[in-house]
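Numbering (the working numbering), first residue to last: 580 to 690. Down below is the structure, laid out as structure tokens.
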Amino acid sequence: MPGHEKRELSSLVRWSRASGAMWLHMLLSSGFNGHRSFPFTQLRRHLGPAEWARRESEFDNAEELEALATRKVRDLDQYDEAVEALEERKALVDDGRMTRHEFLRHGSSLV
């Protein structure tokens, strides 16, 4: 930036760049937009091919991945059911057939 040529990066920014943490942070905040995304490729480049392959092999377990996917689908189904129940109770509040206090009392059991 013009006028700031002689300024240095803060120690936190220097550490983040040197450790690769800034690329991991960008990945986490961007939602993992694919292994070809800029932060993903930068993190892979920072780690190097051997370290990347080593870490990648730690996740090469089909049974574990299948169990995780099954759990996540079950969790999503439970979440959808809880949201539906809350929406039904909210409709009762909106229609005046349930008080807000009752809604909160019943709603807390779903969360």
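We treat Cβ as the ideally placed atom computed from N, Cα and C, and that holds for glycine.
Closer than 7 Å: residue i CB and nearest the ligand SAH heavy atom
| i | result |
| --- | --- |
| G627 | Ligands are entirely absent from the displayed structure, and the ligand SAH is therefore not among its contents. |
Endpoints, the alpha helix (DSSP H) within which residue i is located
| i | result |
| --- | --- |
| S773 | As displayed, the chain neither begins before 580 nor continues past 690, which places residue 773 out of reach and without an answer. |
| E587 | Neither: E587 is in no alpha helix (DSSP H) and is coded neither H nor E. |
| T649 | A641 to D673 |
| E635 | P628 to S636 |
| H685 | R679 to G686 |
Given residue i as reference, the closest of the options once Cα atoms are compared
| i | options | result |
| --- | --- | --- |
| M601 | R586, E642, L622 and L671 | L622 |
| F619 | L603, S595 and E660 | L603 |
Cβ-Cβ distance between residue i and residue j below 8 Å
| i | j | result |
| --- | --- | --- |
| L665 | G686 | yes |
Euclidean distance between Cα positions of residue i and residue j
| i | j | result |
| --- | --- | --- |
| E642 | R653 | 17 Å |
| R634 | H625 | 13 Å |
| S692 | G627 | This structure gives no information on residue 692, because the portion of the chain shown stretches from 580 to 690. |
| M605 | V592 | 13 Å |
| G675 | A648 | 41 Å |
| E667 | Q657 | 15 Å |
| L683 | A629 | 54 Å |
| W594 | E587 | 13 Å |
Residue i - DSSP class collapsed to helix/strand/coil
| i | result |
| --- | --- |
| R623 | helix |
| S616 | coil |
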